[in-house]
Amino acid sequence: MIDIKLLRSNSEMFYKSCEDRGFDTSILDQFFDLDNEWKNNLKDLNNKKHNKNSITMEISKKIKAGEDIEDLKKTVESLNIEIEKLERRQNEIDVKRTELLRLIPNLLADDVPRCFGDENNKLVRYHGRAKVFSDDIKYFIENSGSHDYDEIDYRPKSHVDVITEMNLADIERAGKIAGARFYFLKNRLFKLELALINYAVDFLSQRGYTILEPPFMINYKSMSGATDIETFKDTLYKIENDDLYLIATAEHPIAAMLQDEILMDDELPIRVSGVSPCFRREAGAHGKDTKGIFRVHQFNKIEQFIFCRPEDSWDFFDELVKNSEDIYKSLKIPYRVVNVCSGELGNLAAKKYDIEAWFPSQGKFREIVSASNDTDYQARSLNIRYRSKEGNKFVHTLNSTAIATERILVAIIENFQDRDGKRIRIPDVLIPYTGFSEIGGDDD
RNA sequence: GCUGGGAUAGCCUAGCCUGGUAGGGCGCAGGUCUGGAAAACCUGUGCUGAAAUAGCUCGGGAGUUCAAAUCUCCCUCCCAGCGCCA
11 MIDIKLLRSN
21 SEMFYKSCED
31 RGFDTSILDQ
41 FFDLDNEWKN
51 NLKDLNNKKH
61 NKNSITMEIS
71 KKIKAGEDIE
81 DLKKTVESLN
91 IEIEKLERRQ
101 NEIDVKRTEL
111 LRLIPNLLAD
121 DVPRCFGDEN
131 NKLVRYHGRA
141 KVFSDDIKYF
151 IENSGSHDYD
161 EIDYRPKSHV
171 DVITEMNLAD
181 IERAGKIAGA
191 RFYFLKNRLF
201 KLELALINYA
211 VDFLSQRGYT
221 ILEPPFMINY
231 KSMSGATDIE
241 TFKDTLYKIE
251 NDDLYLIATA
261 EHPIAAMLQD
271 EILMDDELPI
281 RVSGVSPCFR
291 REAGAHGKDT
301 KGIFRVHQFN
311 KIEQFIFCRP
321 EDSWDFFDEL
331 VKNSEDIYKS
341 LKIPYRVVNV
351 CSGELGNLAA
361 KKYDIEAWFP
371 SQGKFREIVS
381 ASNDTDYQAR
391 SLNIRYRSKE
401 GNKFVHTLNS
411 TAIATERILV
421 AIIENFQDRD
431 GKRIRIPDVL
441 IPYTGFSEIG
451 GDDD
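Under this note's numbering, the very last position in the first sequence is 454; numbers go up by exactly one each time.
Structure below.
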């Protein structure tokens, strides 16, 4: 949620921010209409209450003095009726006003590119040495800014073909029991996933992150504080008969973990890494990536999360992105970093960097990491504050993927397969975790 | 699931039986004093509001009453004991 005081005092910058996001600014107009009514109504209400309070005090005195109070009682009774009416109206206004306020997106950071469409995201940097099929070279150079690649004269097999041929997953039977976008992971592919999880856990705990496994379901209050209406609409699964939602990322329970708390200044920053399955309905993704395990309703993810003082949050944004980049450098997966443009940002984020890996079979860069600075937006909705010398202030929250394992399995299958698509080499840093160095090799 | 105890401001605590509009301590901030600091003393300390000698705030909600932290009912969470349980 945005700061209502800031909105009142600096409305122009919110109008500008909403326009840059392609967001309907009539919501701001509606907000100000309601807010004015709210202020006027509050004035009336307070006057009436003041009146009532002084009469009540008078009654108390008269009782002690043994005087008659019946007339005063009647006055208070009629005041109560008026007060109740005004209060009911004030509540109505308040509910509507909060509803609108929650829809208004966060202010954009200055260096977010003002444009629409993912194709206009701004390239920040590229790293790695990619295998690029001849037909894709032009696309690769345009989208990476790099001429440093290995040209190959064949298109690597898609992960869907590889996992089917090598008996590494069963998509069909998963479809039978659960529907599309589910999977059974099998054999060495599943061991590789466990290796990725353990690798990420070790990697982040060495960098000072507290590792935790969160609840996989959380209640409405927590979820609505941690997310926005878009997430609710398109991505969340609701549990029947209980006030519970399946999490779409460990970000949700981690963010909500500290709701309604006031932290001591020296407790900050708090670095957390959560490991969890993620459940997403993927409404609005019909027809996209329908096969395999690239886009699924359930996947596992290691997430990074930071609670910090406002003045530090941009440094921590860099830290999160660096952690993720260091993971992909160590895995030797080629990637680029993009600064996501204003039209494609979520409501909570002031700024977002995506990391996109090179997928040689698809001949494309595809998102594997999303790192956001939500500034005080999420903390205000969740009411997470800390004690500073200037009083209690909202913390800033940031989140970033470390490893979304199913996607990285695909990245490994596409980038590390041999020419025939019959063997997959395991990235060196993972071998201590897998206990084998390839899938489809002689020892398999 | 059952029985009992509990939830008061950043933290701790009084008030609840017997209804009259939240008192104290700690911490923090400012002030007096000092060369500077400590101590001592004074003032302030949540939310709404541009502000008031204004309103709100005692886990949440409803009720009784002119008036509810206080009485009644419902709910949530925490603690103890009992039961059930992978």
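C-beta: ideal position from N, C-alpha, C; glycine also.
Fair warning: this is a prediction, and the values are worked out from it, not measured in the lab.
Supposed close pair residue i, residue j - CB separation, criterion 8 Å
i	j	result
Ile103	Glu47	6 Å
Asn116	Asp384	7 Å
Ile337	Ala412	6 Å
Ser323	His406	4 Å
Tyr209	Val379	Contact doesn't hold; Cβ gap of about 15 Å is too wide.
Ile449	Leu199	7 Å
Gly214	Ser283	Note on residue identity: the sequence assigns Leu, not Gly, to residue 214. Going by Cβ atoms, the distance from Leu214 to Ser283 rounds to 4 Å, so yes, they are a contact pair.
Phe226	Ile264	Not confirmed; about 12 Å, so no contact.
Asn349	Lys132	4 Å
Glu240	Asn409	Actually they do not touch by this definition, with Cβ atoms about 16 Å apart.
Ile418	His169	No, Ile418 and His169 are not in contact; Cβ-Cβ is about 11 Å, not under 8 Å.
Short Cβ contact (7 Å threshold) for residue i with residue j
i	j	result
Ala205	Phe194	no
His307	Arg397	no
Glu329	Glu261	no
Asn393	Gln269	yes
Arg165	Gly218	no
Glu416	Phe289	no
Glu386	Phe404	In the sequence under discussion, the amino acid at residue 386 is Asp, which differs from the Glu named in the question. Contact: yes.
Asp34	Arg124	no
Tyr136	Arg346	yes
Leu96	Leu55	yes
Lys58	Glu92	yes
Lys361	Val122	yes
Ile173	Ala179	yes
Ile436	Thr444	yes
Ala381	Val331	yes
Asp253	Tyr230	yes
Lys311	Ala421	no
Val86	Ile65	yes
Leu6	Ser352	An answer regarding residue 6 cannot be provided, because it is not within the stretch 11 to 454 covered by the chain.
For residue i, the first and last residue of its enclosing alpha helix (DSSP H)
i	result
Glu203	Asn197 to Gln216
Lys167	Note, Lys167: premise wrong, no alpha helix (DSSP H); not H, not E.
Thr415	Thr415 to Asn425
Cys28	Ser21 to Arg31
Tyr230	Tyr230 to Ala236
Lys339	Ser323 to Leu341
Lys71	Ser36 to Ala75
Glu366	Where Glu366 is concerned, there is no enclosing alpha helix (DSSP H), although the beta strand (DSSP E) it sits in stretches over Lys361 to Phe369.
Tyr193	Premise fails: Tyr193 is in no alpha helix (DSSP H) and is neither H nor E.
Arg183	Ile181 to Ala188
Ser391	Tyr387 to Leu392
Host beta strand (DSSP E) of residue i (start-end)
i	result
Phe315	Gln308 to Cys318
His296	No beta strand (DSSP E) holds His296; DSSP gives it neither H nor E.
Lys141	Ala140 to Phe143
Asn116	Neither: Asn116 is in no beta strand (DSSP E) and is coded neither H nor E.
Tyr345	Tyr345 to Asn349
Gly136	At residue 136 the sequence reads Tyr, which differs from the Gly that was named. Run containing Tyr136: Lys132 to His137, per the beta strand (DSSP E) assignment.
Gly401	Gly401 to Phe404
Ser156	No beta strand (DSSP E) holds Ser156; DSSP gives it neither H nor E.
Arg397	Arg395 to Ser398
Collapsed DSSP secondary structure at residue i in the structure displayed
i	result
Thr241	helix
Pro442	helix
Tyr219	coil
Asn251	coil
Glu377	strand
Leu274	Looking at the sequence provided, one finds Met at residue 274 rather than Leu. Of the three classes helix, strand and coil, the one that applies to Met274 here is coil, per DSSP.
Pro287	strand
Asp428	coil
Leu17	helix
Phe150	helix
Asp121	coil
His262	helix
Ile257	coil
Arg98	helix
Leu110	helix
Met267	helix
Asn409	strand
Ile280	strand
Ser447	coil
- Task: Decide yes or no for the touch test of the region 108-116 against the region 57-70: beta carbon pairs closer than 8 Å, at least 3 of them.
- Result: no
- Query: Is there contact between the region 231-250 and the region 272-280, where contact requires at least three CB pairs shorter than 8 Å?
  - Reply: no
- With a cut-off of 8 Å, do at least 3 Cβ pairs link the region 318-325 to the region 294-303? no
- Message: Can you confirm whether the region 136-143 touches the region 361-375 when touching is taken to mean that 3 or more C-beta pairs between the two stretches lie within less than 8 Å?
- Response: yes
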